[in-house]
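Just so we're aligned, residue 1 is where the sequence shown starts under UniProt numbering, counting upward by one. Using N, Cα and C, we set each Cβ at its ideal position, and we do this for glycine too. A quick note: this is a predicted structure, and the numbers were derived from the prediction, not measured. One structure is given here, and the rest of the page talks about it.
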Amino acid sequence: MSGSDRLDNAAEDAKGKMKEGAGKATDDEQLEAEGKWDQTKADAKDKVEDAKDAVAEKYNEATDRDK
1 MSGSDRLDNA AEDAKGKMKE GAGKATDDEQ LEAEGKWDQT KADAKDKVED AKDAVAEKYN
61 EATDRDK
């Protein structure tokens, strides 16, 4: 996974936390829910990228690509 993907996911998570906080502060349930959803999406994307990294690492080990 590229570093920019990790940064994009971190930015989406941060945006979600800000939305959630703003929603709580203003009693806006819709905004709070959107914030939680943004955080969930960022977490899911991180998990997919972690799985891709693990598969690539195993492939490289199996094929001696990193030697």
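State the DSSP-derived secondary structure class of residue i, mapped to helix, strand or coil.
i, result
"S2", "coil"
"D28", "coil"
"D53", "helix"
"D64", "coil"
In angstroms, rounded to a whole number, what distance separates the CA positions of residue i and residue j?
i, j, result
"D43", "D64", "31 Å"
"M18", "D27", "14 Å"
"V55", "E61", "10 Å"
"A51", "A11", "20 Å"
"G23", "D13", "15 Å"
"G21", "D8", "20 Å"
"K15", "T40", "12 Å"
Since residue i contacts residue j with CB under 8 Å, what's their CB separation in whole angstroms?
i, j, result
"E49", "D5", "6 Å"
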